[in-house]
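Engineer: Submitted below is the structure of interest, expressed as C-alpha cells.
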Amino acid sequence: MAGERILVVDDEFHLRDSIRILLEKDGYQVATAATGEDALEAMESSPAQVVISDIRMPGMDGIQLLQHIKSRYPQTEVIMLTGYPTIEAAVNAIKQGAYDYVTKPFKINTLTLTLNQALERQRLSREVGELRALLGVYEASKAITSMLDVDGVLDLVLKTIMENTSARGVALYLRDGGGEDLRLRAWEGISESEGTALRDSIEAGLGLYSQGQGKEDFFALSALTLSRERKGLCFPLRSSGKVLGVLLVLHSLAEEAVVKEARLFSIFASQSAVALENARLHQDLVRNYFETVRALVAAIDAKDPYTRGHSENVMRLSLSLADRMGMEPRQREELKLAGLLHDVGKIGIATETLRKGVALTSKDLEEIRRHPEIGARIIGNISYLADLRPAILHHHERFDGKGYPAGLKGEEIPLGARIIAIADAFDAMTNERPYRPAKSPREALGEMAMQSGSQFDPRLLEAFLACQVALASSPEGPHSS
1071 MAGERILVVD DEFHLRDSIR ILLEKDGYQV ATAATGEDAL EAMESSPAQV VISDIRMPGM
1131 DGIQLLQHIK SRYPQTEVIM LTGYPTIEAA VNAIKQGAYD YVTKPFKINT LTLTLNQALE
1191 RQRLSREVGE LRALLGVYEA SKAITSMLDV DGVLDLVLKT IMENTSARGV ALYLRDGGGE
1251 DLRLRAWEGI SESEGTALRD SIEAGLGLYS QGQGKEDFFA LSALTLSRER KGLCFPLRSS
1311 GKVLGVLLVL HSLAEEAVVK EARLFSIFAS QSAVALENAR LHQDLVRNYF ETVRALVAAI
1371 DAKDPYTRGH SENVMRLSLS LADRMGMEPR QREELKLAGL LHDVGKIGIA TETLRKGVAL
1431 TSKDLEEIRR HPEIGARIIG NISYLADLRP AILHHHERFD GKGYPAGLKG EEIPLGARII
1491 AIADAFDAMT NERPYRPAKS PREALGEMAM QSGSQFDPRL LEAFLACQVA LASSPEGPHS
1551 S
C-alpha cells in the first residue's frame, strides 16, 4: 500500500519524526504536525488516508482532533497513540470513530501492522462504496433512459446524482429551441441565482466540448471555484454529435477523489443526454400524432355541420374537470385524446342519419348508439391509442346502470368515460341541434344537476358545476361553444 498519505500528529518531535522516517522508508508519503490545530490545517490542504495521533497533547487533544477529522473526512482512518492505556480510554476512542489504538512504547512492526490493516479496511470500504455507487448508477441509468418526459428526466438525474455521489450541488443547463444559449432548467443544492450567475462561466468553456479539444472526459473551470469547499465540474450532454446542454456538479473533493468520481458524473451526463434526446423525439412524435388526430376529428365533425367543434369542446371541458380533480399528468394526457376522439365511431354511421334535420326515430337512435363500439374497435387497432379504448367505449354509460353499450354502473364505468359523459352532455345541451334550440349554460347545468346520481357521477358533476360557476364569474365568462 506504499504511496498512501499518512499524517503523524504528536507534540513530541523525536517520536513523530522517528515515525515519519520509518514510514517513508516503506514508501509512504508522510506529513507531520505538532498540534491538533496544525493537523487540521494539514488535512485541509492535503487530506491524509490515515492519521496517527497521540491522545494527550496541549490545546486540542487527540480525541477532539479525532472528532473533527471524522466529522470533516469520514473516510480517513485514525489510529490513536497513548502512553496511559486504560480500557475506558480505548473504548472512548473507538466509540468516537478511531480505527484502533497503539500503546507507547511500541515496536514499529506493531504500528505498521495496525496501519496496514487500517488501509486495507479503507480500501475495502472504498471498493464497496464504489460498487454501490455503480449499482446505483446502473439502476438509475435504466430508469433515466426509459423516461419520455423531459422534466421527469431532469428531476431524476438531480436526485440520482445527489443520492449516489458526494456531489454538494447539481445544475442542468439546456440549449432550448435549438439555439446556442444555455438556460438553467433544474438544480439542487445550489440556488437559482447562483446557477444563473454561473451560466456565463460555463458557456465560456463550452467550446472545448463541442470542438472536442479537451484531453479529459471532464473539464474543471477555475471560474467555477466558489470557495475552498465548493468547486465545479462541467460535463457536456452530448447526443448524436450535438451538445444538448451541460451538467454542472459542485463538490469539495480532493483532486485524486475527483478523478475517480468524475467517471460516475460522466456516465450520468451521457445517459442524461440520451434520455433527453429520446424525450424530445417522443414529444415531437406525440405533437405530430395529436395534430394528425385533430385532422381526423375535423373530418368526422364535417359529416355533421351541427356538431362541428364538438369534439374540441368536449376535450376542453374534460380537461378543466380533470384539472379540478387533480388528475395525474399521464391520465390527463389520455383523457385529452379520448375527449377529442370520443365520437370517432361516427365515421361508421351513415351521413344522412347524422345530418337528419328532424327528431331521430328509434331505428336512427339504434344506429347512432353503435358509435362507441365502432370507435373502440378503431382505436383498439392503433397500438399508441389502445389505452383510450375504455373511455371511448363507455362514455354513454349511465351512473345508474341504464346506459349503453354494456350497462355498467357507478364506478364500474371507467373514470375517463364518466368525465367525458358530463362534458359531452353539457356541450350538446348548450349548442343548437336541428330538432331543438340551444340551452343556456345555466339551464343546462340545472338540468344536469337533476340527473346527479342517475345519469352522472355525483362527485364529478359537483366538481364540474363548480368549474362552470368559476368560469361564469371570470372576465371571459362561460365557455358554451
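With my numbering applied, the sequence shown corresponds to residues 1071 to 1551, in that order.
Quick reminder that beta carbons are idealized off the backbone N, C-alpha and C, glycines included.
Treat the numbers as computed from the prediction; the structure is a model and nothing was measured.
If you follow the alpha helix (DSSP H) that R1488 is part of, which residue opens it and which one closes it?
Structural biologist: It spans 1485 to 1499 - the alpha helix (DSSP H) in which R1488 sits, taken as one unbroken run.
Engineer: Let me make sure I understand the geometry here. Which of Y1359, Q1137, E1074 has the alpha-carbon closest to that of Y1454?
Structural biologist: Among Y1359, Q1137, E1074, the Cα nearest to that of Y1454 is on Y1359.
Engineer: Tell me the DSSP bridge mates of P1306?
Structural biologist: Looking at the DSSP assignment, P1306 forms a beta bridge with V1316.
Engineer: State the Cα-Cα distance for the pair L1530 and R1488, rounded to the nearest angstrom.
Structural biologist: If I take the Cα positions, the gap works out to 8 Å.
Engineer: Could you please give me the residues that DSSP links to E1147 through a beta bridge?
Structural biologist: Paired residues: V1120.
Engineer: Please go through the same chain and pick out, in chain order, the residues whose beta-carbon is closer than 6 Å to the beta-carbon of E1502, but skip the five residues on each side of it.
Structural biologist: Answer for E1502: A1508, listed in chain order.
Engineer: Looking only at its chain, what residues have a beta carbon closer than 8 Å to the beta carbon of D1393, apart from the 5 residues adjacent to it on each side?
Structural biologist: If we look at D1393 and ignore the five residues flanking it on each side, its Cβ neighbours are R1402.
Engineer: Ignore the nearest five residues each way along the sequence and tell me which others in D1457's own chain have a CB closer than 8 Å to its CB.
Structural biologist: Around D1457: E1404.
Engineer: For the candidate residues A1109, L1093, E1158, I1492, whose alpha-carbon lies nearest to that of Q1137?
Structural biologist: It is A1109.
Engineer: How about the region 1094 to 1112 and the region 1154 to 1166: do they share at least three Cβ pairs that are nearer than 8 Å?
Structural biologist: The region 1094 to 1112 is not in contact with the region 1154 to 1166.
Engineer: Between the C-alpha atoms of T1184 and D1170, what's the straight-line distance to the nearest angstrom?
Structural biologist: The alpha-carbon atoms of T1184 and D1170 are separated by roughly 7 Å.
Engineer: Between Q1552 and P1511, which are expected to be in contact by the criterion C-beta below 8 Å, what is the C-beta distance as a whole number of angstroms?
Structural biologist: Look at the range of the chain in this structure, 1071 to 1551, and you will see that residue 1552 is not part of it.
Engineer: Could you compute how far the alpha carbon of R1238 sits from the alpha carbon of G1222?
Structural biologist: Rounded to the nearest angstrom, the two C-alpha atoms are 21 Å apart.
Engineer: Under 6 Å Cβ to Cβ from H1466, same chain only, skipping five residues before and after it: list those, please.
Structural biologist: So the qualifying residues of the chain are P1442, G1473, Y1474.
Engineer: Pull up the distance between the alpha-carbon of E1233 and that of G1409, whole angstroms please.
Structural biologist: Between E1233 and G1409, the C-alpha separation is close to 40 Å.
Engineer: Consult DSSP for H1412 and reduce its assignment to one of helix, strand or coil.
Structural biologist: Looking at H1412 - three-state DSSP - the assignment turns out to be coil, as it is neither helix nor strand.
Engineer: For A1491 versus F1526, is the C-beta distance shorter than 8 Å?
Structural biologist: A contact, by the Cβ cut-off of 8 Å.
Engineer: Alpha carbon to alpha carbon, how far is L1318 from S1350? Give it in angstroms, no decimals.
Structural biologist: Correcting the residue identity first, residue 1350 is Arg in this sequence and not Ser. Computed Cα separation, rounded: 21 Å.
Engineer: Taking a contact to mean a Cβ-Cβ separation below 8 Å, would you say L1085 touches V1121 in this structure?
Structural biologist: For L1085 and V1121, no; Cβs fall outside 8 Å.
Engineer: Provide the residue span of the beta strand (DSSP E) that contains T1423, from first to last.
Structural biologist: Unbroken run through T1423 is the alpha helix (DSSP H), 1421 to 1424; no beta strand (DSSP E).
Engineer: Report, in whole angstroms, the separation of the C-beta atoms of D1497 and L1411, which I expect to be a contact under 8 Å.
Structural biologist: So it is not a contact: roughly 15 Å between Cβ atoms.
Engineer: If you draw a straight line from the C-alpha of R1268 to the C-alpha of S1340, how long is it?
Structural biologist: Residue 1268 is actually Leu in this sequence, not Arg. So the alpha carbons of these two residues sit roughly 22 Å apart.
Engineer: What is the C-beta distance between A1118 and R1075, in whole angstroms, given that I count them as a contact (C-beta under 8 Å)?
Structural biologist: Sure, about 5 Å apart at Cβ, within 8 Å.
Engineer: Only counting the same chain, and skipping five residues up and downstream in sequence, which positions put a Cβ closer than 7 Å to that of V1100?
Structural biologist: Same-chain partners within the cutoff: I1076, V1078, R1090, L1093, E1094.
Engineer: Sort P1528, A1495, S1524, G1523 by Cα distance to E1513 and report the nearest one.
Structural biologist: Residue A1495 is the option with its Cα nearest to E1513.
Engineer: Buried or exposed for R1459, please, with buried defined as at least 16 other CB atoms from any protein chain shown within 10 angstroms of its CB.
Structural biologist: By the neighbour-count rule (16 or more Cβ atoms within 10 Å), R1459 is buried.
Engineer: Are the beta-carbon atoms of F1469 and S1390 separated by less than 8 Å?
Structural biologist: No, the pair does not count as a contact, with Cβ atoms beyond the cut-off.
Engineer: Less than 8 Å between the beta carbons of V1198 and G1167, yes or no?
Structural biologist: For V1198 and G1167, no; Cβs fall outside 8 Å.
Engineer: Could you tell me which residues DSSP puts in a beta bridge with D1170?
Structural biologist: Paired residues: I1149.
Engineer: State the DSSP-derived secondary structure class of K1095, mapped to helix, strand or coil.
Structural biologist: Reduced to three states, the DSSP call for K1095 is helix.
Engineer: For V1220, which residues in the same chain have their Cβ closer than 6 Å to its Cβ, ignoring the five residues on either side in sequence?
Structural biologist: So the list reads A1349, once near-sequence residues are dropped.
Engineer: What does the Cβ neighbour count give for G1379, buried or exposed, with the cut at 16 atoms within 10 Å?
Structural biologist: By the 10 Å Cβ count, G1379 comes out exposed.
Engineer: Decide if E1190 is buried, meaning its Cβ has at least 16 other Cβ atoms within 10 Å, or exposed.
Structural biologist: By the neighbour-count rule (16 or more Cβ atoms within 10 Å), E1190 is not buried but exposed.
Engineer: Check whether the Cβ atoms of L1307 and H1321 sit closer than 8 Å, and answer yes or no.
Structural biologist: No. Outside cutoff.
Engineer: Bridge partners of Y1243, per DSSP?
Structural biologist: According to DSSP, which records beta bridges pairwise, Y1243 is partnered with L1254, V1316.
Engineer: For the beta strand (DSSP E) holding V1079, just list the boundary residues, first then last.
Structural biologist: 1075 to 1079 is the extent of the beta strand (DSSP E) around V1079.
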